[in-house]
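A.B. asks: Take the sequence shown: its position 25, counting from 1, is numbered 25 in UniProt numbering, and each next residue is one higher.
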Amino acid sequence: MKYFNLVLLLLPLSIYAADAEYSLVIKDHKFQPSEITVPAGKKVKLVIENQDATPEEFDSYELSREKLIAGHSKATVYIGPLKVGKYAFIGEFNEATAKGSVVVQDSAQ
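1) Helix, strand or coil, according to DSSP, for E95 in the structure here?
2) For S23, I'd like the list of residues in its chain whose CB is within less than 6 Å of its CB, leaving aside the five on either flank, ordered along the chain.
3) S60 and V25: beta carbons closer than 9 Å?
4) How close, in whole Å, do the beta carbons of P55 and G80 come, if the pair is a contact with beta carbons under 8 Å?
5) Could you tell me which residues DSSP puts in a beta bridge with A75?
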């Protein structure tokens, strides 16, 4: 019974501890949406779905992240916690069209 009570007490904490999740789609060698807004100071999960037949590499020098995503597949990239600002990312194999940014705003905004 003691452990059951402990689990009940900690259960609400696990709900709040989950990372915020945002989705990006690669289609026609472009990121959709090309800009996402996330809260400052929080770890964020990006789920990137490549709907193209060819692979793409999510790449961001500013976020210190690189992830190869095969055609017709998904990948997960964790970023943050980040300071307020704008962080660029590209699709390394299609830099002319696959561009985007993560806008980090203060949670109070």
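Glycine residues also receive a C-beta, built at the ideal position from the N, C-alpha and C atoms. In this text the structure is predicted, and so the values were computed from the model without any measurement.
C.D. replies: The answer reads as follows:
1) Within the sequence shown, the letter at position 95 stands for residue 95. The answer is coil: DSSP assigns E95 none of H, G, I, E or B.
2) Within the sequence shown, numbered from 1, the residue matching residue 23 stands at position 23. The residues are V47.
3) Within the sequence shown, residue 60 is the residue found at index 60, counting from 1. Within the sequence shown, residue 25 is the residue found at index 25, counting from 1. Going by C-beta atoms, S60 is not nearer than 9 Å to V25.
4) The count along the sequence shown starts at 1 and reaches residue 55 at position 55. The count along the sequence shown starts at 1 and reaches residue 80 at position 80. About 25 Å separates the two Cβ atoms, so there is no contact after all.
5) Residue 75 sits at position 75 when you count from the first residue of the sequence shown. DSSP lists I48 as partners of A75.
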